[in-house]
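Note sheet for the following structure.
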Amino acid sequence: MKHWTRAVVSALATSAVLVLAACGGSASGGSSTALSVAFLPKQVNNPYFNTAADGGKKAAKDLGGTFTQVGPSTANAAAQVPYIQTLTQQHVSAIVISGDDPTAVAPALKQAMSQGIKVVSYDADVAPDARQVFINQANAEDLGTTEVDLLGKELNYTGEIAILSASATASNQNTWIGYMKQELAKPQFANMKLDTVVYGNDDDTTSYNLTQQLLQSYPNLKGIISPTTVGISAAARYLSSNHLSGRVMLTGLGTPNQMRQFVKDGTVKGFELWNVNDLGYVAYCAAAGLVKGTITGKEGDTFTAGSLGKFTVGANGAVLLGKPFVFDSSNIDQFNF
Amino acid sequence: MMNRLRSLSQRMTSWELLLVALLVGVLINGANQSPYFLNATSFSLMFSDFSEKSIMVLAMMLIIIVGEIDLSVASILGFSSAIVGDLFAAGWPLWLAIVAALVVGGLAGLFNGLLVTRLGLPSLVVTLGTLALYRGAAYIVLGERGISTYPNVFTQFGFGDIPGTLIPWTFLIFAVLAIVVGVMLHSSWVGRQLFAIGANKEAARYAGVAVARIKLLLFVVSGLVAALAGIIFTARFATSRADNAVGFELDVITVVLLGGVDIFGGRGSLLGVLLALFTVAALRDSFALANYPDQVQSILVGVLLIVSVLGPLAVKRLQDAWIKRRHVVSSQA
Amino acid sequence: MQTKSSTSPTPASGAAPVDTSLASVVARIGQAREFGLLVVLAVIIAFVGVQQPRFLQISNFEHILQSIAIIAIVAVGETLVILTRNVDLSVGSVVGFSAFASANLLKNHPSLNLLLVFLFGCAIGAVLGAVNGLLVAYAGIPAIVVTLGTLNIYRGLDFAVAGGSEVSAFQVPTAFLNIAGDYVLGIPLLVIIAAAIALIAGYFLRYSRQGRQLYAIGSNPDAARVVGIRKSRLTFMAFLTTGILSGFAGVLWASYFATINSGAAGGLELLVIAAVVVGGVNIFGGSGTMLGAMLGAIVLGVIQNALGVLRVDQFWLQAIYGAAILIAVTLDALVTRQVQRLLIARRAQRE
């Protein structure tokens, strides 16, 4: 009987707490009227996203709102979901997310939207019905083709290449890789062969080790494209420390600060990126526009992003930031991020 | 009324009373840390968040009571999630993929159990090895892929509440299992056998208890429950990934030990475990709302784990010292 | 968890507390294990070498040794712990913490003497290892519980200290980064350091009194205490040493990988334990050699390299580590059972 008592007590205790909690007021309804925007990047210990966050913080100051950044320490979609739920519980006015997986985060985002929270995606899009606006840093086809063209020129259009990507589920890299493969099928690249695509998950150690393995598995490798700032940084370090600069050409997307020494020592001749700071700034402004009601995300909507000017929402809620920019030895010293 | 309360509290052990105090403390702290903590929707999300861990706790409790341990539960969860994803992506109907994953989970548990009962290997080492083996199997099945194209009805089950209430569907599964375990453990002869095995394996065997068979069965159950947790996880996160639920075993084992189940087997109660479950869930939720990342929350859980074993040991040592001193005093008197 | 019953060597008066015939039997089996590992190595090398001749190049072996050097250093410590019938799951977190802390220290004080940085890393490892040691040896909490807890506590502290930031390669002096890539007399410096540590530790284990006492503690803790071996102290020292070695390895890790965040060396403990167990160190304590542990690390390193050369997905690695642990432990159990039967038969014969 003693044990039945225990069971009863525990049941009572649980229901008592639930009742207590319910009396504490339910948290339904719309978002707060203040402007509180939370950035949820693919992962937090990533300099690329920290730079975007700087842009967001500046926009917050300019617009009189608040800025926070939360996120998982590994680029993992399942890890992003609890953060979305916490933000929903906290009733932020908008979530700005770079998705590790476009469909995995969708149910949680939709739940947030049903509570009145606005959702903007940046850098890596999520399912279109799980967000109102997507800030695209550069035209995907442009990026894919220019990356391949860059490497092709450096290799004289001959040789085996490999791609060192981020996570296998991120929509941005996957879209770019799709265009890269398309470009490689063109006749001028007939003497170049794509050996494999490997995924470093935006983790430096993994990407470093993968570079090692690539060279082991494919000893005739002549070039690597790494369309992720973590990947290119790790690969450059590996090539440089193992005196392979010049023997294996490396290009991709990188930040000037991380790449500077490798451009100087010849490991990387040229690489691309865009103004990451601006990306964060525009994303915040878009979120603010949604919260204030000045835009709804439908095609043709326009909003202003401070000194960066006016931006127009295109098809499918996408906003284009601009064109990719090529960094090389002639201009790399002019930038600091 | 006071008399009834007093007799209730007498029937609860001192450890359980301590747990109530700890729980209240965590709730109050949570309310202080964030205004969004103490309300019904928040609690609903909190229970939902702990769905997988709570059912795994029930199975782990039984395993530890008989004096074993299963470190591989999180890997079996991940493996089963990977199986569902892989089969579903290959075109299998979802329900069949789920059944396959459950079967695989049971087999994984069976493998654990056979190594422990037939070969006599310590469960600690076996499940440490299978922790790696099953996680590796998940990677072999899924690679770097993430399967997230699940039908709405599946993700609704994982995400949603019973219509009209704030009770998550997944909580229902836990409630049913908890009642089953509670009745079995505390009110049936099966439960008494489990405690007997944990208290003294040899004596239990001489008394006619089928020790090996029961342990084998418990490992299979642990595997099945972990696989079920994998299904729930997949529904809740709407994604199958090879690294799903890495590290879950920390919370599961902490809740069981914090709940008063003896690490060496033979003792424990469902009430204590339920209180501990609530405490750890509330702890994680309150700190998440205060924007502390996962890893920092784990510091507290790790401390709780150590304290929950250190506490009773320290108390026992103090009691022994006290008894010794009283003997000395009385013999000197 | 119930402790298993073990063989009880009759303690001789004064000298070595183990029965010499037991020691010789175990030693012979140990040697058989090391021989077995060499055979396994030879088979793998031959098999892969036939398929991909470049696997056989000296530079490739150098490369393998370099890649497992850091793990081998941690494995030395883990061996000591496992010999005493314990386990340390927190080594990965200690390595990671030390790696980030030392990289961060250098980032903020780039002109700091590198030797001080290494001492700093060792000190961190010492503190973390000491906490483990206190809880296991003196408070009597099972090592699995303690180190599962500290694995998460230390990783969480690492995270809290790092605050989501990372130390990038260009933020630390190149002299530091060059350490991991340096060569001395044609051999990678990392390999020399690892070999030196393993040799010193192996010598200590084999020829010192405390070394033999470690074995005694592992094979029969109660008898060891009765005989007067200071079990708590030695167990504590084993954990402390593991901590220091992990801290040292952490600094080397920072030098080797250069860009460090709070996730560094996550999951390392699995690889280390697999290496030690595969190397013949009995998970039940009491037997195994440093040479065996190093061979275990080399075998795993060769397997990883072979996978890359054969273009097999690296995903197989985790499963292989798990399978390796299970196979090694099963073999150990079967061997231990044989030894027990042998001893019982011998004792029956003598009476």
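Chains as they are written, first to last, in this note's numbering: chain A, 1 to 337; chain B, 1001 to 1333; chain C, 2001 to 2351.
For every residue, glycine included, the Cβ atom is placed at its ideal position computed from N, Cα and C.
Predicted model, so just to flag it, every value in this text is computed and none were measured.
Just confirm the distance between the C-beta atoms of residue i and residue j, as a whole number of angstroms; I'd bet it's less than 8 Å.
i	j	result
residue 2236(C)	residue 2164(C)	About 35 Å; that fails the 8 Å criterion.
residue 337(A)	residue 256(A)	6 Å
residue 2198(C)	residue 2290(C)	6 Å
residue 2099(C)	residue 2232(C)	Rounded, the Cβ-Cβ distance is 30 Å, inconsistent with contact.
residue 2128(C)	residue 2159(C)	Between residue 2159(C) and residue 2128(C) the Cβ distance is about 15 Å, and since that is not below 8 Å, they are no contact.
residue 2037(C)	residue 2299(C)	6 Å
Quick one: what's got a C-beta closer than 6 Å to residue i's C-beta in the same chain, skipping five residues either side?
i	result
residue 1138(B)	1078, 1079, 1082, 1242
residue 193(A)	160
residue 1297(B)	1284, 1287
residue 2173(C)	2110
residue 1089(B)	1147
In three-state DSSP terms, what is residue i?
i	result
residue 44(A)	coil
residue 2042(C)	helix
residue 1248(B)	helix
residue 207(A)	helix
residue 2307(C)	helix
residue 327(A)	strand
residue 29(A)	Low confidence applies here, because residue 29(A) scores a pLDDT of 39, under 50, leaving its location unreliable; read the following figure in that light. Of the three classes helix, strand and coil, the one that applies to residue 29(A) here is coil, per DSSP.
residue 2230(C)	coil
residue 190(A)	coil
residue 1149(B)	coil
residue 2181(C)	coil
residue 246(A)	coil
residue 2351(C)	coil
residue 2188(C)	strand
residue 174(A)	helix
residue 1118(B)	coil
residue 2085(C)	coil
residue 269(A)	coil
residue 1382(B)	Only positions 1001 to 1333 of chain B appear in this structure, which leaves residue 1382(B) out of reach.
residue 2106(C)	helix
residue 218(A)	coil
residue 1084(B)	helix
residue 183(A)	helix
Given residue i, which residues of its chain have a CB within under 7 Å of its CB, disregarding the five upstream and five downstream residues?
i	result
residue 283(A)	56, 96, 120, 122, 135
residue 339(A)	Beyond the ends of chain A as shown, which are 1 and 337, falls residue 339(A); an answer cannot be given.
residue 1251(B)	1053, 1280, 1301
residue 1157(B)	1169, 1235
residue 2033(C)	2280, 2292
Can you list, in chain order, the residues of its chain with a C-beta nearer than 8 Å to that of residue i? Leave out the 5 residues immediately preceding and following it.
i	result
residue 176(A)	140, 143, 144, 147, 227
residue 327(A)	254, 256, 259, 263, 270, 271, 272, 273, 335
*Contact between the region 2176-2184 of chain C and the region 2260-2278 of chain C: three or more CB pairs below 8 Å?*
no
_Cβ contact check for the region 36-56 of chain A and the region 71-82 of chain A: 3 or more pairs under 8 Å_ = yes
*With a cut-off of 8 Å, do at least 3 Cβ pairs link the region 125-145 of chain A to the region 161-178 of chain A?*
yes
*asked:* Along the region 2246-2259 of chain C, where does the CB come closer than 7 Å to a CB of chain B? Name the residues.
replied: none
*Okay, do the region 1147-1163 of chain B and the region 2311-2320 of chain C touch, 3+ Cβ pairs below 8 Å being the bar?*
no
*Would you be able to state if there are at least three C-beta pairs under 8 Å between the region 2141-2155 of chain C and the region 1302-1318 of chain B?*
yes
*Which residues, in chain order, does the region 1013-1033 of chain B contribute to contact with chain A at a C-beta distance below 7 Å?*
none
*Taking a Cβ distance cut-off of 7 Å, strictly less, list which residues of the region 1288-1300 of chain B are near chain C, in chain order.*
1293, 1295, 1296, 1298, 1299
*Which residues, taken in chain order from the region 2053-2081 of chain C, show a beta carbon closer than 7 Å to some beta carbon of chain A?*
2054
*asked:* So, does the region 1109-1126 of chain B touch the region 1218-1232 of chain B, judging by three or more C-beta pairs under 8 Å?
replied: yes
*the region 2108-2121 of chain C: which residues have C-beta closer than 8 Å to a C-beta of chain A, in chain order?*
none
_Residues in the region 1106-1138 of chain B having any Cβ partner in chain C nearer than 8 Å_ = 1115, 1119, 1120, 1121, 1122, 1123, 1124, 1125, 1126, 1128, 1129, 1130, 1131, 1132, 1133, 1134, 1135, 1136, 1137
_Output needed in chain order: residues of the region 57-75 of chain A with a Cβ under 7 Å from some Cβ in chain C._
73, 74
*Residues from the region 252-267 of chain A in contact with chain C, defined by Cβ distance under 8 Å*: 257, 258, 260, 261
*Between the region 2145-2169 of chain C and chain B, which residues of the former have a C-beta closer than 9 Å to a C-beta of the latter?*
2145, 2146, 2148, 2149, 2150, 2151, 2152, 2153, 2154, 2155, 2156, 2157, 2158, 2159, 2160, 2164
*Taking 8 Å as the threshold, find out whether the region 1049-1059 of chain B comes into contact with the region 1228-1245 of chain B through three or more Cβ pairs.*
yes
*Interface positions of the region 1137-1155 of chain B facing chain A (Cβ-Cβ less than 8 Å), listed along the chain*: 1143, 1144, 1145, 1146, 1148, 1149, 1155
*asked:* Between the region 235-244 of chain A and the region 202-221 of chain A, can you find at least three pairs of beta-carbon atoms closer than 8 Å?
replied: yes
*With 8 Å as the C-beta to C-beta threshold (strictly closer), list the residues of the region 222-237 of chain A near chain C in chain order.*
233, 234, 237
*asked:* Can you confirm whether the region 1084-1098 of chain B touches the region 1201-1215 of chain B when touching is taken to mean that 3 or more C-beta pairs between the two stretches lie within less than 8 Å?
replied: no
*Cβ-based contacts, 7 Å cut-off: residues of the region 1227-1248 of chain B near chain A*: 1237, 1238, 1239, 1241, 1243, 1244
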